[in-house]
Amino acid sequence: MSTAAGGSRFGYIVDLLERGKVTIKNIERELICPACKELFTHPLILPCQHSICHKCVKEILFTLEDSFTDGGSESSNQSSPRIRIHSPSMDRIDRISRSGRKRNSLTPRTTMFPCPGCRHDIDLGERGISGLFRNLTLETIVERYRQAARAATAIMCDFCKPPAQESTKSCMDCSASYCNECFKVYHPWGTVKAQHEYVGPTTNFRPKILMCPEHEMERVNMYCEICRRPVCHLCKLGGSHANHRVTTMSTAYKTLKEKLSKDIEYLISKESQVKGQISQLGLLMKETECNGERAKEEASQNFDKLFDVLQEKRSVALRAIEASKNLRLEKLQTQIEEYQGLLENNGLVGYAQEVLKETDQSCFVQTAKQLHVRIQKATESLKSFRPAAETSFQDFVVDVAKQEEVLGDLSFYSNGLDVPEINEEKSKMYNKAVISWEYPGKADSADIYVLEYRKLNKDEESATWQEIEVCSKSKVISDLDNNSSYAFRVRGYKGSICSPWSREVILHTPPAPVFSFLFDDKCGYNSEHLLLNPRRSSVESRAGFPLLLGAERIQVGCYTTLDYIIGDTGIAKGKHFWAFHVEAHSYLVKVGVASSAKIQEWLHNPRDVTSPRYEQDSGHDSGSEDTCFESSQPFTLVTLGMRSFFIPKAPAAPKDSASRILPMPSCIGVCLDYDKGKVGFYDADHMKCLYERQVDCSGIMYPAFALMGGSGIHLEEAIAANHLEYQDDI
Numbered sequence: 001m002s003t004a005a006g007g008s009r010f011g012y013i014v015d016l017l018e019r020g021k022v023t024i025k026n027i028e029r030e031l032i033c034p035a036c037k038e039l040f041t042h043p044l045i046l047p048c049q050h051s052i053c054h055k056c057v058k059e060i061l062f063t064l065e066d067s068f069t070d071g072g073s074e075s076s077n078q079s080s081p082r083i084r085i086h087s088p089s090m091d092r093i094d095r096i097s098r099s100g101r102k103r104n105s106l107t108p109r110t111t112m113f114p115c116p117g118c119r120h121d122i123d124l125g126e127r128g129i130s131g132l133f134r135n136l137t138l139e140t141i142v143e144r145y146r147q148a149a150r151a152a153t154a155i156m157c158d159f160c161k162p163p164a165q166e167s168t169k170s171c172m173d174c175s176a177s178y179c180n181e182c183f184k185v186y187h188p189w190g191t192v193k194a195q196h197e198y199v200g201p202t203t204n205f206r207p208k209i210l211m212c213p214e215h216e217m218e219r220v221n222m223y224c225e226i227c228r229r230p231v232c233h234l235c236k237l238g239g240s241h242a243n244h245r246v247t248t249m250s251t252a253y254k255t256l257k258e259k260l261s262k263d264i265e266y267l268i269s270k271e272s273q274v275k276g277q278i279s280q281l282g283l284l285m286k287e288t289e290c291n292g293e294r295a296k297e298e299a300s301q302n303f304d305k306l307f308d309v310l311q312e313k314r315s316v317a318l319r320a321i322e323a324s325k326n327l328r329l330e331k332l333q334t335q336i337e338e339y340q341g342l343l344e345n346n347g348l349v350g351y352a353q354e355v356l357k358e359t360d361q362s363c364f365v366q367t368a369k370q371l372h373v374r375i376q377k378a379t380e381s382l383k384s385f386r387p388a389a390e391t392s393f394q395d396f397v398v399d400v401a402k403q404e405e406v407l408g409d410l411s412f413y414s415n416g417l418d419v420p421e422i423n424e425e426k427s428k429m430y431n432k433a434v435i436s437w438e439y440p441g442k443a444d445s446a447d448i449y450v451l452e453y454r455k456l457n458k459d460e461e462s463a464t465w466q467e468i469e470v471c472s473k474s475k476v477i478s479d480l481d482n483n484s485s486y487a488f489r490v491r492g493y494k495g496s497i498c499s500p501w502s503r504e505v506i507l508h509t510p511p512a513p514v515f516s517f518l519f520d521d522k523c524g525y526n527s528e529h530l531l532l533n534p535r536r537s538s539v540e541s542r543a544g545f546p547l548l549l550g551a552e553r554i555q556v557g558c559y560t561t562l563d564y565i566i567g568d569t570g571i572a573k574g575k576h577f578w579a580f581h582v583e584a585h586s587y588l589v590k591v592g593v594a595s596s597a598k599i600q601e602w603l604h605n606p607r608d609v610t611s612p613r614y615e616q617d618s619g620h621d622s623g624s625e626d627t628c629f630e631s632s633q634p635f636t637l638v639t640l641g642m643r644s645f646f647i648p649k650a651p652a653a654p655k656d657s658a659s660r661i662l663p664m665p666s667c668i669g670v671c672l673d674y675d676k677g678k679v680g681f682y683d684a685d686h687m688k689c690l691y692e693r694q695v696d697c698s699g700i701m702y703p704a705f706a707l708m709g710g711s712g713i714h715l716e717e718a719i720a721a722n723h724l725e726y727q728d729d730i
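When we follow my numbering, the leftmost residue of the sequence shown carries the number 1, and every step to the right adds one.
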């Protein structure tokens, strides 16, 4: 489309606005600041392209600085974008507006600003507020709206003597309003002021030229297509936009004006369609209201059914307890009456005393025989007293634990919402836990997720679930206990509908806190044979030209050298754990720990040749050979290579060679207990100990490694919470 056509279309749209066919009052919500909820005042454009009042930016940054000063309190309500501040210090506000690199600071400091419009943290850069443009176009539209709203209120002349006259013009250069007489006085013909730009009465005096905020003396004349903001020629030559793609301001003006005109024309042409969709949405609202009431009624009926079942169960349980109570009371009452008969002058004893008064022998024998049997039974009951009924009602305790759990999970279920599955390959434990999940068939039908986890304790069969609400499909969890097992499960929510819980996944935390270190590229590091990556988190062994040039001197039975490398941080106390990966193609790798004294000794007297027959007199297959060989090395080690894990010969290790060879785990862990003098080697994926032995911790201990042939070691990276939680949004 030609420029002329684009300009005419835009002029047509402006005419519509001015003639009132598109009422300016309808755009009021576009002119409201998302922070103060009022009309914009000197709006600034944030890097996210949202606008916010200049005073609101200062107040929010002022509040953020206060929160950091108070120790990073998290008690503020993040859901409210507007934070009102009463009489802030102007010195502090000016300091915030200039927030950026300090004059004597070596490290640039950036300002993170929470945008009230998109709710994202925006980096304002080193210049802070000073690097933001004023949204002059929005400012003009707001002023036009204000004038339309107060059409009955006249703008008075700023220079008339009381009483002031109504102004007829406003000078954009003088930033003042004038009546006809005052304008002639202050802008006489033949002077420089006569050339000033004047418009109709207004209170919005915008600058005539947009200046660069980074180079205050330069006007903007180009547009950066990468950052989507105007820039000056100094920004392009040597500033922050030096390598960015820029275009001329006139080209950007024509392009954006044409695109905006097209979009507005399209929206205007679809007015009938929008009205139809509004009507459809109105019908959907009514239908939603009816369906909501119906759902409430059905839910109420279902709960009434549960209440009826519980009421019936309650009545049956109470009747059973009452009947058992009455029966037991009756038995105990009968027993009381029987024992009362044993008392003197009462019941059986009184009757027996009367029988003893009988003098006729035959009559006495006839009566006393039966009485004696009764007296014997009473005597036996006195010797072994036992209540006729139990007082405990343990058999009538109602166990509602499972029912409580089921009722606690009671929610709305839908067949349309799939059950998420925890991905065990992407979920892992290290310095923290990262739990990732996905949907079968890659159908993402949930808006939000609830992740629950609990510690599995042998003493407590059912520990309390801890709940976390997550917006993405992964979550990093901190503050888990070491050497513990945790169960995890997740469910998805879409509105008020939730899916069933996923299958529980059990993960094990490391046996000790994770020890952070990198490979040391100074102490004993052989740069000809070993290759470190720039981050010093992985090392590879390479043969190099020296070995190729000396290939003729290599004899059968003589092996190449072991190249050692240690960690750059030592351990002087406590219990620590670290993990690493060994390349599957690795020929031979030894890992373990080394004392500072042993390392110094080895550095002064290195062994260039390491052979299984280093000491020719040692027995080839004896355990002494391993002992002699190990004593020549600078640290305690296990050996890995050719996809195998080799346990060294030791009293605690298996004696047959076959049982000393295990499959090599994909991730190997080392746990050093400095205080107890123990080092253990783990399958880090399952936190299972493969081998443990004593070690002499007489000095500072360092993680140590040795490589031979083509080998590679990669240290396990710490779990980065920021990357894992937001990677789905990138």
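For each residue, glycine too, the CB sits at the ideal point set by N, CA and C.
DSSP places Ala-706 in the uninterrupted beta strand (DSSP E) bounded by 701-708. Ala-584 has its alpha-carbon roughly 58 Å from the corresponding atom of Ala-299. Distances from the alpha-carbon of Ser-502 to those of Leu-332, Tyr-453, Glu-297 and His-529 put Tyr-453 closest. In this structure, the CA atom of Asp-360 is about 29 Å from the CA atom of Gln-340.
The Cβ-Cβ distance between Val-476 and Lys-522 does not fall below 7 Å. Between the alpha carbons of Lys-688 and Leu-715 lies a gap of roughly 19 Å. Counting C-beta pairs with one atom in each stretch, the stretch 671-687 and the stretch 565-573 have three or more that are closer than 8 Å, which means they touch.
Taking a cut-off of 8 Å on C-beta distances, the stretch 261-281 does not touch the stretch 241-249, as fewer than three cross pairs fall below it. Closest in C-alpha terms to Glu-337, from the list Val-309, Ala-317, Pro-387 and Arg-127, comes Pro-387. Distances from the CA of Cys-56 to each of Gln-49, Cys-48, Phe-40 and Glu-65 were compared; the closest alpha carbon is that of Phe-40. Taking the CA atoms as reference points, Ala-320 sits about 14 Å from Ser-392. Gly-641 sits buried, since 16 or more C-beta atoms from the chains shown fall within 10 Å of its C-beta.
In chain order, Cys-115 and Ile-122 place their CB closer than 6 Å to the CB of Leu-46, counting only its own chain and leaving out the 5 sequence neighbours on each side. Ile-422 sits away from Tyr-493, with the two beta carbons spaced by 7 Å or more. With respect to His-241, Cys-232 sits apart: the two C-beta atoms are not nearer than 7 Å.
Taking a C-beta distance under 7 Å as the contact criterion, Leu-132 and Leu-61 do not qualify as a contact pair. Measuring C-alpha to C-alpha distances from Met-172 to each of His-50, Gln-147 and His-196 identifies His-196 as the nearest. Here Ala-433 carries a strand assignment [DSSP, helix/strand/coil].
With a minimum length of 4 residues, the unbroken runs of alpha helix (DSSP H) contained wholly in the stretch 249-297 fall at 249-269. As DSSP reads the structure, Gln-370 sits in no beta bridge.
For Gly-574, DSSP records no beta bridge to any residue. Buried is the label assigned to Ala-446, since at least 16 other Cβ atoms lie within 10 Å of its Cβ. DSSP, read as helix, strand or coil, puts Gln-165 in coil. When DSSP reads this structure, Glu-438 sits in a beta bridge with Glu-421. Inclusion of His-576 and Phe-515 in the CB contact set at 7 Å is warranted, their separation being smaller than that value. Boundaries for Phe-396: no beta strand (DSSP E) harbours it, and the DSSP string shows neither H nor E there.
Taking Glu-469 as the centre and dropping the five residues before and after it, the same chain places the C-beta of Ile-448 and Val-450 closer than 7 Å to its C-beta, in chain order.
Taking 7 Å as the cut-off, the beta carbon of Ser-711 is found closer than this to the beta carbon of Val-589.
In terms of Cβ geometry, Phe-635 and Val-593 form a close pair [threshold 7 Å]. Ranked by Cα distance from Ser-51, the options Glu-38, Pro-34 and Leu-64 are led by Pro-34. Beta-bridge pairing by DSSP links Phe-488 to Tyr-453 and Val-505. According to the DSSP assignment, Ile-599 belongs to the alpha helix (DSSP H) that extends over 596-604. Between the C-alpha atoms of Ser-130 and Arg-229 there is a straight-line separation of about 15 Å.
At the C-beta level, Leu-480 and Thr-509 come within 7 Å of one another.
Take the alpha-carbon of Cys-36 and the one of Val-220: they are about 30 Å apart.
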